[in-house]
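Input: a single structure, listed below in structure tokens.
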Amino acid sequence: MIQSIRWDGNAITQPGLYTKLPLPAYHRGDICDGPSVSSTVLRKLWDGSPAHAWAHCALNPARVEEADNEAFVLGRAAHHLLTAEIGFADQFVVRPETLEGEKWNGNRKECKRWLAAKKREGLTVVTAAQVEVIKGMAISLGAFPLVQAGALNGLIERSLIWKDKETGLWLKARPDVTPNDSGDFIDLKTTPSVLYRDLQSSVATFGYHQQAALVLEGAMALGLEANSFTLIWVEKSAPFCVRAQQLKDEDIARGMKQNRAAMRTFADCLSSGVWPGPGDDRDDAEYVDLPDWKRAQIDERLKFELREAA
62 MIQSIRWDGN AITQPGLYTK LPLPAYHRGD ICDGPSVSST VLRKLWDGSP
112 AHAWAHCALN PARVEEADNE AFVLGRAAHH LLTAEIGFAD QFVVRPETLE
162 GEKWNGNRKE CKRWLAAKKR EGLTVVTAAQ VEVIKGMAIS LGAFPLVQAG
212 ALNGLIERSL IWKDKETGLW LKARPDVTPN DSGDFIDLKT TPSVLYRDLQ
262 SSVATFGYHQ QAALVLEGAM ALGLEANSFT LIWVEKSAPF CVRAQQLKDE
312 DIARGMKQNR AAMRTFADCL SSGVWPGPGD DRDDAEYVDL PDWKRAQIDE
362 RLKFELREAA
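Numbering of the sequence shown is given in our numbering, commencing with residue 62 and proceeding in unit increments.
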């Protein structure tokens, strides 16, 4: 295990495993002495387009700030508490049930002022009900054999930061748990359902194999053991079921290839200043086809209608 580097508040100039790097700072566009990207940006580019990636990229001075929704807030708060990250009170505040002697009502001007004040302080508001949900998740996680065996006992709040030799981009990854020496990385995910088909869909939809690929690539670049990547899922409503799934090597290899393609495209766009969207290479209208499955469905229905009419 390499020594962690304590972040000194300045732009990062050397690769390493960084500690004391707050999440808001980690996401900043100027956290390194050159352009930096994370898995989120690479996945947006791969699944959408350069335009989609740039619209939300921290390097973009005109970026669109994504508004917090209830599911996102719950997920972030749960990650913070369930992985035993320190400083919960520095990032989150529990919304009071009453304010100035009256029951909480989001439409009251006093409540709006309170929310605005917390936002200015950089705090994310969670409800007492959300905290109770997180407690339920924590109980289930604590009873799960893999967790009892110490799966979440590695290094918390570590950021892997390194420079890509081919593109010159700084790359960033922040696994939930960095293993001490096993090379078995763990990431905690909240989910509506731990049914296999639902988790398989989540991996595909959110590109978690790409996220895993970047973590393992970063570990190898920094001289860390990098053997596997396991997702520990916990449901965010009762009965708070837990399930652990290790991503297959072949899918992580696919993720590495996807990330490499996305890095090259990002670097090219950054150099040219042009961030095309889907279809931007066409000047005129293009044909759009019904998918094969829909064509077959329609044709089969038409055959049936003709038989009925005969």
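Beta carbons are placed, not taken as given, at the ideal position from N, Cα and C, and that holds for glycine.
**Report entry** Proximity below 8 angstroms, CB of residue 111 to CB of residue 337
**Finding:** yes
Query raised in the report: For residue 156, which of helix, strand or coil comes out of DSSP?
Result: coil
**Report entry** Ranges of the beta strand (DSSP E) found wholly within the stretch 197-232, counting only runs of at least 3
**Finding:** 220-224
Query raised in the report: Excluding the five sequence neighbours on either side, which residues of its own chain have a C-beta within less than 8 angstroms of the C-beta of residue 164, listed in chain order?
Result: 158
Query raised in the report: Hey, how far is the Cα of residue 241 from the Cα of residue 270?
Result: 22 angstroms
Report task. Taking only the alpha-carbon atoms, compute the straight-line gap between residue 368 and residue 354 and give it to the nearest angstrom. Result -> 21 angstroms
Query raised in the report: Which class does residue 66 belong to by DSSP, given the choice of helix, strand or coil?
Result: strand
Query raised in the report: residue 93 bridges to which residues according to DSSP?
Result: 73
Requested in this report: Starting from the C-beta of residue 319, find all residues in its chain whose C-beta is less than 7 angstroms away, skip the five residues before and the five after it, and write them out in chain order.
Outcome: 107 and 271
Requested in this report: Name the one or two DSSP bridge partners that residue 304 has.
Outcome: 294
Query - Cutoff 8 angstroms: residue 363 Cβ touching any chain C Cβ - result: Checking the listed chains, one finds no chain C in this structure; it contains a single protein chain.
**Report entry** Residues near residue 252 by beta carbon distance below 8 angstroms, same chain, minus five either side
**Finding:** 259, 260, 263, 294, 295, 296 and 297
Query - Boundaries of the beta strand (DSSP E) in which residue 249 is found, first to last residue - result: 245-252
Query raised in the report: Looking at the unbroken beta strand (DSSP E) that takes in residue 187, where does it start and where does it end?
Result: 185-187
Query - Cβ-Cβ distance between residue 280 and residue 221 below 8 angstroms - result: yes
Query raised in the report: Just the Cα atoms here: how many angstroms apart are residue 289 and residue 245?
Result: 5 angstroms
**Report entry** Where residue 78 falls: helix, strand or coil (DSSP)
**Finding:** strand
Query raised in the report: Rounded to whole angstroms, how far is the Cβ of residue 87 from the Cβ of residue 66, which I believe are closer than 8 angstroms?
Result: Going by Cβ atoms, the distance from residue 87 to residue 66 rounds to 14 angstroms, so no, they are not a contact pair.
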